[in-house]
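K.L.:
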Amino acid sequence: MTRWHMFIGKKRGGKKKDIMERSGVQELFIKEDLVRLRGTKEQRANAKRIINMVLSGEDSPSQGSWKKLDFIPEKYMGQVIGKYRRSLDKIENITGATLKVFERNVYIKGIY
């Protein structure tokens with residue numbers, strides 16, 4: 001398996017879609033060792049940062065540097081995450097922490 005398969009993910013490009021939503025880029029094209037991004041300068045920079053995190057393994061809560069936010073009741077998880085991650089993105093912008101949804105749980109990295 002190549003490192004790009006790790007990036008694309010097993011479920012029909014789930015990580016690719018996640019990167020596009022989180023960074024705001026309009027296009028994320030991957031072919032062999034070529035990655036093409038279309039968006040504003042800031043969106044492309046965000047996408048590059050996230051891609052590098054994925055490729056280095058920093059993106060995975062299973063790596064140990066993430067803390068599970070287990071105080072959030074499951075019935076409120078949808079509100080905490082928000083449609084298209086909007087609530088999590090807002091929390092990230094305000095706090096400077098990084099939040100990730102992994103296996104139906106929210107994890108935090110950074111400030112806590």
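In UniProt numbering, the protein residues as written are 1 to 112. All C-beta atoms in this analysis are idealised placements derived from N, C-alpha and C, irrespective of residue type, glycine included.
Going by other Cβ atoms of all chains shown within 10 Å of its Cβ, with 16 needed for buried, is Tyr107 buried or exposed?
P.N.:
Answer is buried; the Cβ neighbour count reaches 16.
K.L.:
Examine the Cβ distances between the segment 14 to 22 and the segment 44 to 52 and report whether three or more of them are shorter than 8 Å.
P.N.:
Touching, per the Cβ criterion.
K.L.:
Can you tell me the Cα-Cα spacing of Thr40 and Leu88, whole angstroms?
P.N.:
About 21 Å.
K.L.:
State the Cα-Cα distance for the pair Lys15 and Arg85, rounded to the nearest angstrom.
P.N.:
Their backbone Cα atoms lie some 14 Å apart in a straight line.
K.L.:
Would you kindly work out how many angstroms separate the C-alpha atoms of residue 114 and Glu42, rounded to a whole number?
P.N.:
Past the edges of the chain, shown from 1 to 112, lies residue 114, and the structure says nothing about it.
K.L.:
Output yes or no for whether 8 Å exceeds the beta carbon distance between Thr98 and Lys90.
P.N.:
In this structure, Lys90 does not lie closer than 8 Å to Thr98 by Cβ.
K.L.:
Let me know the beta strand (DSSP E) ranges lying completely inside the segment 5 to 50, each 3 residues or longer, listed in chain order.
P.N.:
Counting whole runs of 3 or more residues, the segment 5 to 50 contains the beta strand (DSSP E) stretches 27 to 31, 34 to 38.
K.L.:
Return the first residue and the last residue of the beta strand (DSSP E) that Lys109 is part of.
P.N.:
Counting along the chain, the beta strand (DSSP E) containing Lys109 begins and ends at 105 to 109.
K.L.:
Please give me, in chain order, every unbroken run of the beta strand (DSSP E) with length at least 3 that falls completely inside the UniProt domain "K Homology" (71 to 110).
P.N.:
98 to 102, 105 to 109, all fully within the UniProt domain "K Homology" (71 to 110).
K.L.:
For Phe29 and Asn105, what's the separation of their Cα atoms in angstroms?
P.N.:
Distance between the alpha carbons of Phe29 and Asn105: 29 Å.
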